[in-house]
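Undergrad:
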Amino acid sequence: MYSSLRIRRAVLEATLRSRTDFHTALAEFEDWLDRIAGSLAELETLSANTQSLKDTAKRREWMQKHKELETELDAHESVLKTVEEMGRKLGAGLESGKERSEIQNRLEAVSQRWKDVRRSEVSVRERLVEAEQEWEKLTNALSTLIGWIEDKSKEMLAQQPVGGSLSAVMAQGAWMKSTEKEMELKGIQVRETITNAHSFLMQHDLRPRMHRTGVLADEDDADSLDVEQRRCGLQIHVDCEKLKEKWAELGTQFADWDKAVHAAALRLQELERALAECQLHLSSVESEVEHLRPVERLRLEELKDARRQCESLATRVNDLRIHVDDANDACGRVLAADTPLDQHPRNQLDSVNQRFLALKTALRVRSAALRNALTDFGPSSEHFLNQSVALPWQRAISKTNQLPYYIDHTTEKTQWEHPVWVEMSKELSQFNRVKFIAYRTAMKLRALQKRLCLDLVDIPMLEKCFSRLAGLSNEESPGLEGMVSSLLPLFEQLHAKHPQMVRSVALAVDLCINFLLNLFDPSRDGLLRVLSFKIALVVFSNAQLEDKYRFLFNLVAQDGQADQKHVALLLYDLIQIPKLVGEAAAFGGSNVEPSVRSCFEMVRLSPSISIGPFLEWLKQEPQSVVWLPVMHRLATAEFAKHQAKCNVCKMFPIVGLRYRCLRCFNLDLCQNCFFSQRTAKKHKLKHPMQEYAVPTTSSEDARDFARMVRNKFSRSKSSLGYLPVDVGDEGRPLAAPPAAARNPATEALHQRSAAISHRLAQLTASQPAEPRDERIADVQSPAQLINQVISCFYERKLENGFLVYPYGRRFCAARRLWVRSYS
Numbered sequence: 001m002y003s004s005l006r007i008r009r010a011v012l013e014a015t016l017r018s019r020t021d022f023h024t025a026l027a028e029f030e031d032w033l034d035r036i037a038g039s040l041a042e043l044e045t046l047s048a049n050t051q052s053l054k055d056t057a058k059r060r061e062w063m064q065k066h067k068e069l070e071t072e073l074d075a076h077e078s079v080l081k082t083v084e085e086m087g088r089k090l091g092a093g094l095e096s097g098k099e100r101s102e103i104q105n106r107l108e109a110v111s112q113r114w115k116d117v118r119r120s121e122v123s124v125r126e127r128l129v130e131a132e133q134e135w136e137k138l139t140n141a142l143s144t145l146i147g148w149i150e151d152k153s154k155e156m157l158a159q160q161p162v163g164g165s166l167s168a169v170m171a172q173g174a175w176m177k178s179t180e181k182e183m184e185l186k187g188i189q190v191r192e193t194i195t196n197a198h199s200f201l202m203q204h205d206l207r208p209r210m211h212r213t214g215v216l217a218d219e220d221d222a223d224s225l226d227v228e229q230r231r232c233g234l235q236i237h238v239d240c241e242k243l244k245e246k247w248a249e250l251g252t253q254f255a256d257w258d259k260a261v262h263a264a265a266l267r268l269q270e271l272e273r274a275l276a277e278c279q280l281h282l283s284s285v286e287s288e289v290e291h292l293r294p295v296e297r298l299r300l301e302e303l304k305d306a307r308r309q310c311e312s313l314a315t316r317v318n319d320l321r322i323h324v325d326d327a328n329d330a331c332g333r334v335l336a337a338d339t340p341l342d343q344h345p346r347n348q349l350d351s352v353n354q355r356f357l358a359l360k361t362a363l364r365v366r367s368a369a370l371r372n373a374l375t376d377f378g379p380s381s382e383h384f385l386n387q388s389v390a391l392p393w394q395r396a397i398s399k400t401n402q403l404p405y406y407i408d409h410t411t412e413k414t415q416w417e418h419p420v421w422v423e424m425s426k427e428l429s430q431f432n433r434v435k436f437i438a439y440r441t442a443m444k445l446r447a448l449q450k451r452l453c454l455d456l457v458d459i460p461m462l463e464k465c466f467s468r469l470a471g472l473s474n475e476e477s478p479g480l481e482g483m484v485s486s487l488l489p490l491f492e493q494l495h496a497k498h499p500q501m502v503r504s505v506a507l508a509v510d511l512c513i514n515f516l517l518n519l520f521d522p523s524r525d526g527l528l529r530v531l532s533f534k535i536a537l538v539v540f541s542n543a544q545l546e547d548k549y550r551f552l553f554n555l556v557a558q559d560g561q562a563d564q565k566h567v568a569l570l571l572y573d574l575i576q577i578p579k580l581v582g583e584a585a586a587f588g589g590s591n592v593e594p595s596v597r598s599c600f601e602m603v604r605l606s607p608s609i610s611i612g613p614f615l616e617w618l619k620q621e622p623q624s625v626v627w628l629p630v631m632h633r634l635a636t637a638e639f640a641k642h643q644a645k646c647n648v649c650k651m652f653p654i655v656g657l658r659y660r661c662l663r664c665f666n667l668d669l670c671q672n673c674f675f676s677q678r679t680a681k682k683h684k685l686k687h688p689m690q691e692y693a694v695p696t697t698s699s700e701d702a703r704d705f706a707r708m709v710r711n712k713f714s715r716s717k718s719s720l721g722y723l724p725v726d727v728g729d730e731g732r733p734l735a736a737p738p739a740a741a742r743n744p745a746t747e748a749l750h751q752r753s754a755a756i757s758h759r760l761a762q763l764t765a766s767q768p769a770e771p772r773d774e775r776i777a778d779v780q781s782p783a784q785l786i787n788q789v790i791s792c793f794y795e796r797k798l799e800n801g802f803l804v805y806p807y808g809r810r811f812c813a814a815r816r817l818w819v820r821s822y823s
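Under the UniProt record's numbering, the first residue of the sequence shown is numbered 1, with each subsequent residue one higher.
#1: Mapping the DSSP letters down to three states, classify P771 as helix, strand or coil.
#2: Taking contact to mean 3 or more Cβ pairs, one atom from each stretch, closer than 8 Å, check whether the segment 584-598 and the segment 446-463 are in contact.
#3: Could you please give the first and the last residue of the uninterrupted beta strand (DSSP E) stretch that includes M501?
#4: Quick one: what's I397 bridged to in DSSP?
#5: Run through DSSP, which three-state label would P622 get?
#6: Using the Cβ count rule (16 or more neighbours within 10 Å means buried), how would you classify I103?
#7: Go through its chain and collect everything with a Cβ distance to Q160's Cβ below 8 Å, but skip five positions before and after it.
#8: Mind checking which residues open and close the alpha helix (DSSP H) that includes Q544?
#9: Give me, in chain order, the residues of the same chain whose beta-carbon lies closer than 8 Å to that of L80; leave out the 5 immediate sequence neighbours on both sides.
#10: Beta strand (DSSP E) containing D338: first to last residue?
#11: Per DSSP, which residues does L669 bridge with? Please list them.
#12: Quick check: what's the CA-CA separation for E492 versus M501?
#13: Cβ of R100 within 8 Å of any heavy atom in the ligand PLP?
#14: Hey, out of G482, T411, Q544, whose CA is closest to D455's CA?
#15: Residue range of the beta strand (DSSP E) that K444 falls in?
#16: What ranges does the alpha helix (DSSP H) occupy inside the segment 546-580, keeping only unbroken runs of at least 4 residues that lie completely in it?
#17: Can you give me the C-alpha to C-alpha distance between L662 and N401, rounded to a whole angstrom?
#18: With distances taken from CA atoms, which of V162, G187, S178 is nearest A141?
#19: With DSSP as the reference, label T414 as helix, strand or coil.
#20: Enumerate in chain order the residues of its own chain whose CB-to-CB distance from S120 is below 6 Å, with the five nearest sequence positions on each side excluded.
#21: What residue range is occupied by the uninterrupted beta strand (DSSP E) comprising E691?
#22: Please classify H642: does DSSP put it in a helix, a strand, or coil?
#23: Please report how far the alpha carbon of H632 lies from the alpha carbon of S312, in whole angstroms.
#24: Please report the residue range of the alpha helix (DSSP H) in which F466 lies.
#25: Between which residues of its own chain and R468 is the CB-CB distance below 6 Å, once the five residues before and five after are set aside?
#26: With three or more C-beta pairs closer than 8 Å as the rule, is the segment 231-251 touching the segment 281-291?
#27: Report the option in S388, G560, H687, T441 whose CA atom is closest to the CA atom of C512.
#28: Taking the alpha-carbon positions, what's the K464 to K304 distance?
#29: Looking at I459 and F551, is the spacing between their C-beta atoms short of 9 Å?
#30: What residue does the alpha helix (DSSP H) around S598 start on, and which one ends it?
#31: What does a CB cutoff of less than 7 Å around I36 pick up in its chain, not counting 5 residues either side in sequence?
#32: Q620 to L667, Cα distance in whole Å?
#33: Figure out for me which residue from A337, E277, D239 has the closest Cα to the Cα of R321.
#34: In or out: D239 buried (at least 16 other Cβ within 10 Å) or exposed?
#35: For S608, which beta-bridge partners are listed by DSSP?
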């Protein structure tokens with residue numbers, strides 16, 4: 001029992017001592033913790049000032065104090081654990097829950113304060129360490145940026161030189177763009193680092209210490225730290241200046257390299273574009289040249305078109321020279337800039353130049369071959385048209401005017417006229433027995449038309465023929481080649497349709513050319529115009545009269561109107577046609593001004609005339625072109641058969657033109673008797689006559705019988721069947737082609753023509769004057785005077801008369817009726 005109590009007492013005393021010791025230890029730990037917390041709070045407040053942190057002395061003092069506090073905290077960490085262990089054990093042995101709860105709360109409070117103090121210590125330590133390591137960060141940042149700049153500079157040097165092809169230069173340009181973006185990002189870091197370095201150097205005193213405690217005193221730790229700090233500061237300063245220098249050099253190097261790459265890219269792009277254009281145009285021309293047929297496979301009529309095509313291709317090749325020169329110039333600019341050029345673009349340029357030279361050579365060879373072929377076998381060669389003459393004649397080309405002439409090897413003489421043309425001219429003399437000039441002229445021209453086979457040509461064929469001269473104006477000369485190339489397809493077509501009538505194409509072409517030259521260029525001066533060429537073919541074509549008038553008007557009209565000058569040119573060329581057969585004088589001669597004035601009287605002398613008044617004037621058959629409608633009437637009546645008998649030669653039926661007297665009863669004449677002025681019974685030459693080109697109807701016979709009865713009991717005044725031209729005041733000619741220059745080769749021909757004209761004038765002047773007719777005294781007006789004079793002229797001088805119309809105005813109405821029936 002006693003022993004038990006003693007043990008119990010001992011336990012209680014021990015417990016009481018443990019409680020006292022715990023509370024004492026806990027109180028002492030709380031006091032120490034309060035002191036440490038206060039010191040850390042003070043240190044945290046001081047280190048929170050950024051400017052104070054930059055002070056090295058203060059920062060070092062704070063770091064020393066922090067180090068002491070950190071050591072003390074580390075030493076008391078085991079004490080905290082011991083106190084916590086004692087508290088847990090003490091609480092476990094207490095029976096009172098209240099006391100145990102108080103001990104537990106105190107332990108938790110101490111533990112929480114310990115954690116707060118530790119967090120504060122860590123914060124202060126990080127702040128001080130960060131401030132202490134600022135120079136290291138600057139040094140590292142400076143060295144890193146300097147290293148990056150040096151690496152980029154080496155990469156940029158590795159990119160050089162500029163690529164020799166566009167793809168390589170484009171790759172270099174892409175690298176430059178990516179480097180530029182990197183430099184933009186690094187530029188921000190460089191500027192920030194330089195700014196921080198300057199700030200660091202300005203906030204630290206890097207000057208050496210001038211005052212020492214003693215002359216012989218040794219440097220202490222503080223002096224060692226100052227030396228280290230100055231060394232670091234100087235290193236930062238050096239690195240900062242180096243960074244600025246390297247960055248500026250990199251910027252300059254980048255700008256120069258970027259400029260070189262950009263300029264090289266532009267030059268190489270220009271070269272590649274020029275090469276692409278050259279290759280495109282060369283391929284186009286080469287494709288056309290490859291599809292050209294060889295010269296030896298061309299037909300004769302295709303030679304001129306082939307030469308024109310070859311000239312067009314040669315022009316395109318000459319234009320292509322600009323693109324080739326551009327490519328060569330672009331290559332020269334690339335090489336002049338010391339830019340290496342790869343082998344591929346060099347090969348492309350060499351290929352372009354070789355292809356260009358090959359094209360020029362091929363076209364030059366083809367042009368020479370075509371020229372030789374045209375010279376030897378073409379339309380203008382002797383070989384092509386030498387069949388138009390037979391031995392001993394030979395066709396040749398004059399070297400002075402490039403026109404054909406003919407050599408008679410029997411007489412060893414030369415002449416401009418084709419031998420067949422000379423025979424045709426002799427055959428035309430048989431029409432001189434016709435007393436009436438208009439019909440005599442029309443018969444000669446009709447004979448020429450048929451002999452030249454132009455009566456087989458219609459307007460569509462002429463339009464196709466004229467289309468080959470589309471590139472020439474009316475005032476230009478078609479030349480021999482132009483005429484041959486136009487007429488050859490025309491007569492080939494006629495030969496295919498009418499082989500019995502156009503037996504020799506060469507003869508037909510050569511004869512037509514000789515006809516045109518004799519018509520408009522008798523002296524062979526090369527003055528034949530395109531307009532004259534077209535007018536002659538239209539006049540001698542097989543077309544309706546009004547269609548010819550319309551076509552001729554359209555040749556000289558502009559926008560549906562023709563002025564006096566162009567109408568004069570048309571009439572001047574038309575008057576050359578009767579002049580060719582020696583009948584021009586009766587149609588007004590070479591002066592067309594009266595005819596032009598007569599034409600423009602239809603529009604009251606307006607500056608221009610349209611197709612309507614022009615046709616109306618021509619339908620009145622003006623004196624200068626009256627031979628043309630007469631030729632059409634002859635052509636219409638050529639095969640007409642009339643159921644009547646000629647009262648002179650007794651021809652039945654009458655073939656050709658039929659003439660019925662409107663004064664004598666049932667008197668008909670054939671055209672041969674009428675033209676030779678043969679009469680029968682009581683018929684007189686002054687009687688009015690009715691002309692028929694086509695067989696008559698019963699109504700026309702009845703009408704003519706009525707006229708005959710009426711004419712028996714009344715005398716009608718005769719009037720002209722054509723529109724006369726007043727030549728009283730001709731004045732200066734309105735328009736005419738320039739006078740032909742003297743040609744020594746044809747001077748003899750001109751002299752003979754002048755002599756014949758002079759002799760004709762003498763014969764005309766030597767004729768006696770006609771006696772005065774009493775009927776002239778009754779004339780009341782100039783028009784009646786003209787009509788009366790012409791009536792007397794026909795009565796007394798019909799053998800030298802002009803027209804077939806020695807009858808009254810009834811013939812005009814009958815002729816208009818005939819025109820309507822013919823149309």
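For every residue, glycine included, the Cβ atom is placed at its ideal position computed from N, Cα and C.
TA: This is what the structure holds:
#1: Any answer about P771 is weak, because its pLDDT of 42 lies below 50 and its placement is not dependable; what the coordinates show is given next. Residue state, collapsed to three classes: coil.
#2: no
#3: M501 -> no beta strand (DSSP E), and no H or E assigned at all.
#4: P404
#5: strand
#6: buried
#7: W257
#8: Looking at the DSSP string, Q544 is not in any alpha helix (DSSP H), and its letter there is neither H nor E.
#9: Beyond the five residues adjoining it in sequence on each side, L80 comes within less than 8 Å, by CB distance, of F29, V110, S111, W114 in the same chain, given in chain order.
#10: Segment: none, D338 is in no beta strand (DSSP E) and carries neither H nor E.
#11: Y659
#12: Using only the alpha carbons, I get a separation of about 12 Å.
#13: With respect to small molecules bound, the structure shown includes none, and the ligand PLP cannot be examined in it.
#14: Q544
#15: No beta strand (DSSP E) contains K444, which is instead part of the alpha helix (DSSP H) from 437-451.
#16: Segments of the alpha helix (DSSP H) lying fully in the segment 546-580: 564-580.
#17: 57 Å
#18: G187
#19: strand
#20: L40, E44.
#21: 689-692
#22: If DSSP states are grouped into helix, strand and coil, H642 belongs with the strands.
#23: 44 Å
#24: 459-466
#25: Answer for R468: S485, S486, listed in chain order.
#26: no
#27: S388
#28: 16 Å
#29: The criterion of a C-beta distance shorter than 9 Å is satisfied by F551 and I459.
#30: 593-600
#31: L69, E72, L73, V117
#32: 28 Å
#33: E277
#34: buried
#35: S608 pairs with D563.
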